[in-house]
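Only one structure is covered here, and it is reproduced in the block below.
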Amino acid sequence: MTTTDAGPAGTGPAVARLGDRFASTHGWRRATVVDAWPESATARTLVLDVPGWPGHRAGQHVDLRLTADDGYTASRAYSVSAPTDPAHPQHVQVTVQRVLGGEVSPYLVDDLPVGAGIEVRGPVGGWFVWEPGAAGGAPVLLLAGGSGVTPLVAMVRARRAAGDRTPFRVLYSVRMPTDAMFLDELTGPRIDGVEADVWFTRAAPPDAPRAVGRIGLRDLARHGWPADLAPVCYVCGPTGFVEAMTRMLLVLGHDAGAIRAERFGPSTD
Amino acid sequence: MGHVTPSDAPGTDPALTPGFRGRPRTSGNALPPGQYEVRDFPVLSAGPTPNIDTAHWQLEVRTEDDATWRWSWADLMALPQDDVLVDLHCVTRWSKFGTRWGGVSLDVLLADVPSAAQYAYVTCYGGYTTNLPVADLLGGTAWIAHTYDGRPLEPLHGGPARLLVPHLYLWKSAKWVRSITLLRDDMRGFWERYGYHDYGDPWREQRYQGD
């Protein structure tokens, strides 16, 4: 999902015309679903081919518009789950979590066929983004709650695609193994400067290294970066998760201006 | 048939999201284009929620000539209070009908402020900013709201006090409001610099710059 009610800014860039760079002045584009696969028991990744797509950055989102036979439309915002692929610059990848009783997400997860058309607008957002070399190579802390992992995995992928060496740490809180996404990619056996840990809050797999439970202050102190290293912290998840994590980050001495939050409200569907 | 593109007449293109039905079409309330109704109250902001003690809270209005007006929390409470029932429209596409707020009209706060400025730049505790025309703060359309649904406004929703400008998208209703600067020239706020619209009228669907 996305941001944008009123919130604190921290230190946004002062460049006056940045707005134009990220503006979606082209309106809706007609896209085609070219690939799709399940990402968990409750989520699906869609790859959209969007003619004329200007490219996007990890952490940005797109608006998708769905149209019924009678012309009724519904639009929702979804984070991109991968940065622009130079081999397929027109492709936009989003990962959608099914929300029970939702109007849009069950259709996108269960019914939208490969080959179908769908309208896309964007990319949108310039605050909750990470690019290789951002913030002078400051270390990055990614705190993911549930499907909030989506824009954060896009940042990990952007880093890997660029061969960037910025130190990344990821703390991922998810209800149970069947909801978890991108686990192999985040926690697989690689030595490339991305350290990831997973907390299962309802049910853990038998081989999980820790008991079922939420990320606590001690976990954040141990697995996050010390505030002295001045990391950039990206927090994405449901409101309760984001509030708890941002409060703990402040307690641990992190600068409020270095904490970027994106909340998936209960009504994102 | 004339030359109708699929985007102009979406129902005519069977390949567009085939099988999508959407929710029932009946709604008693008017939704701006591209919005859907929610019953709860989603929270959206770009960083941590600041906690502001009303003992240290103050609201400041600064004119284009650098004249400054200040109100403490007690000053704000001593002013005439409005009870307003309004619909909210967030650019992330949810709308919430019939929300009840208590607060002080900007008409009251700005009544004696000498200014010919056309633009307002709002700054908040926590650093958030937004911009809007001064005209949209006047005429009974905007408030400094401190009460929601009969209770003190929670920090999560912008308490102790937020700007409330319900006829514009909700990012203009800046949470944790601290000051309003009146300017001769428009200056973009936080989201406006990231591509969101300078005005933000939900009925004209002014979401992004260029809309």
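Taken in sequence, the protein lines are chains A and B. Its first residue numbered 1, the first sequence is counted upward by one per residue in my numbering. Its first residue numbered 270, the second sequence is counted upward by one per residue in my numbering. Glycine is no exception: its CB is placed at the ideal position from the N, C-alpha and C atoms. Remember, predicted model here, so these are calculated numbers, not experimental data.
Beta bridge counterpart(s) of residue i as assigned by DSSP
| i | result |
| --- | --- |
| Ile-259 of chain A | A:Cys-233 |
| Gly-371 of chain B | B:Asp-352 and B:Thr-416 |
| Asn-320 of chain B | For Asn-320 of chain B, which the question treats as bridged, DSSP gives no partner whatsoever. |
| Pro-145 of chain A | The displayed chain sequence assigns Gly, not Pro, to residue 145 of chain A. Note: Gly-145 of chain A sits in a beta bridge opposite A:Ser-173. |
| Leu-48 of chain A | A:Val-33 and A:Val-92 |
| Cys-393 of chain B | B:Val-446 |
| Gly-193 of chain A | Partner(s): none; Gly-193 of chain A has no beta bridge. |
| Asp-338 of chain B | Checking the sequence shown, residue 338 of chain B turns out to be Trp, not Asp. Answer is B:Val-330, bridged to Trp-338 of chain B. |
| Trp-460 of chain B | DSSP, once it has assigned bridges, lists no residue as partnering Trp-460 of chain B. |
| Ile-274 of chain A | Nothing about residue 274 of chain A can be read from this structure; chain A reaches only from 1 to 269. |
| Phe-310 of chain B | For Phe-310 of chain B, which the question treats as bridged, DSSP gives no partner whatsoever. |
| Thr-398 of chain B | B:Thr-392 |
| Phe-168 of chain A | A:Val-140 and A:Val-194 |
| His-61 of chain A | A:Ser-79 and A:Val-124 |
| Thr-67 of chain A | A:Thr-73 |
| Gln-97 of chain A | A:Ala-43 |
Contacts of residue i in chain B (Cβ-Cβ under 8 Å)
| i | result |
| --- | --- |
| Ala-68 of chain A | Gly-280, Thr-286, Phe-289, Arg-290 and Gly-291 |
| Ala-256 of chain A | Gly-316, Pro-317, Pro-319, Gly-395 and Gly-396 |
| Glu-103 of chain A | Gly-291, Arg-292 and Tyr-305 |
| Gly-55 of chain A | Per Cβ cutoff of 8 Å: no residues; Gly-55 of chain A is ~15 Å from chain B at best. |
| Ala-261 of chain A | Ser-314, Ala-315, Gly-316 and Pro-317 |
| Val-124 of chain A | Gly-464 and Tyr-477 |
| Ile-118 of chain A | Leu-285 and Thr-286 |
Residues that residue i contacts on chain A, provided the C-beta gap is smaller than 7 Å
| i | result |
| --- | --- |
| Arg-473 of chain B | The premise fails here: Arg-473 of chain B is roughly 14 Å from chain A at the closest Cβ pair, so nothing lies under 7 Å. |
| Arg-294 of chain B | Tyr-72 |
| Gly-303 of chain B | Ser-75 |
Anticipated Cβ contact below 8 Å, residue i with residue j, distance rounded
| i | j | result |
| --- | --- | --- |
| Thr-332 of chain B | Ser-384 of chain B | 5 Å |
| Gly-224 of chain A | Leu-171 of chain A | 7 Å |
| Val-235 of chain A | Leu-108 of chain A | So it is not a contact: roughly 25 Å between Cβ atoms. |
| Trp-215 of chain B | Ile-321 of chain B | Lying outside 270 to 480, the shown extent of chain B, residue 215 of chain B is not represented and no answer is given. |
| Leu-217 of chain A | Met-176 of chain A | Not confirmed; about 23 Å, so no contact. |
| Arg-294 of chain B | Tyr-72 of chain A | 6 Å |
| Leu-220 of chain A | Leu-252 of chain A | 6 Å |
| Asn-400 of chain B | Gly-458 of chain B | 5 Å |
| Ala-158 of chain A | Pro-132 of chain A | 7 Å |
Closest residue to residue i among the options (Cα-Cα distance)
| i | options | result |
| --- | --- | --- |
| Cys-393 of chain B | B:Pro-293, B:Phe-289, B:Asp-335 and B:Ile-413 | B:Ile-413 |
| Tyr-116 of chain A | A:Gly-125, A:Val-47 and A:Ala-161 | According to the sequence provided, residue 116 of chain A is Ala. The question's Tyr does not apply to it. The shortest Cα separation from Ala-116 of chain A among A:Gly-125, A:Val-47 and A:Ala-161 belongs to A:Val-47. |
| Pro-274 of chain A | A:Asp-219, A:Val-96 and A:Val-198 | As shown, chain A starts at 1 and ends at 269. That puts residue 274 of chain A outside it, with no answer to give. |
| Pro-113 of chain A | A:Leu-66, A:Tyr-72 and A:Ala-74 | A:Leu-66 |
| Pro-435 of chain B | B:Leu-357, B:Arg-294, B:Gly-367 and B:Gly-469 | B:Leu-357 |
| Leu-250 of chain A | B:Pro-319, B:His-466 and B:Gln-387 | B:Pro-319 |
| Gly-464 of chain B | A:Pro-51, A:Gly-71 and A:Gln-60 | A:Gln-60 |
| Leu-100 of chain A | A:Ala-196, A:Ala-204 and A:Thr-42 | A:Thr-42 |
| Ala-430 of chain B | B:Ser-341, B:Gly-316, B:Arg-294 and B:Glu-306 | B:Ser-341 |
| Arg-339 of chain B | B:Asp-381, B:Glu-306 and B:Thr-399 | B:Asp-381 |
| Phe-289 of chain B | A:Asp-111, A:Ser-147 and A:Pro-54 | A:Asp-111 |
| Leu-425 of chain B | A:Gly-126, A:Val-242, A:Ala-74 and A:Met-155 | A:Val-242 |
| Asp-228 of chain A | A:Val-50, A:Val-140 and A:Asp-63 | A:Val-140 |
| Arg-30 of chain A | A:Thr-73, A:Pro-86, A:Arg-121 and A:Ala-244 | A:Arg-121 |
| Tyr-78 of chain A | A:Val-94, A:Thr-178, A:Thr-84 and A:Gly-126 | A:Val-94 |
| Thr-323 of chain B | B:Arg-292, B:Pro-421 and B:Leu-285 | B:Pro-421 |
| Gly-395 of chain B | A:Leu-252, A:Thr-246 and A:Ala-196 | A:Thr-246 |
| Met-155 of chain A | A:Val-129, A:Gly-146, A:Gly-148 and A:Gly-145 | A:Val-129 |
| Pro-83 of chain A | A:Pro-151, A:Asp-192 and A:Thr-32 | A:Pro-151 |
Residue i: contacting residues in chain B (beta-carbon distance under 7 Å)
| i | result |
| --- | --- |
| Trp-127 of chain A | Ala-315 and Tyr-463 |
| Leu-250 of chain A | Pro-317 |
8 Å Cβ cut-off: residues of chain A touching residue i
| i | result |
| --- | --- |
| Arg-447 of chain B | Correct list: empty, because the minimum Cβ distance to chain A is about 11 Å. |
Neighbouring residues, chain A, relative to residue i (Cβ below 9 Å)
| i | result |
| --- | --- |
| Leu-425 of chain B | Thr-239 and Glu-243 |
| Thr-450 of chain B | Those do not exist, as Thr-450 of chain B stays about 15 Å from chain A at its closest Cβ, beyond 9 Å. |
Under 9 Å from the C-beta of residue i: neighbouring residues of chain B
| i | result |
| --- | --- |
| Arg-247 of chain A | Pro-317 and Thr-318 |
| Leu-112 of chain A | Thr-286, Pro-287, Gly-288 and Phe-289 |
Point to revise | Inter-stretch contact (C-beta, 8 Å, three-pair minimum) for the region 164–171 of chain A and the region 250–261 of chain A | key: no
Exercise for review: Evaluate the contact criterion for the region 389–408 of chain B versus the region 366–380 of chain B: three or more CB pairs, one atom per stretch, below 8 Å.
Suggested key: yes
Point to revise | Three-pair Cβ contact test at 8 Å for the region 351–363 of chain B versus the region 317–335 of chain B | key: no
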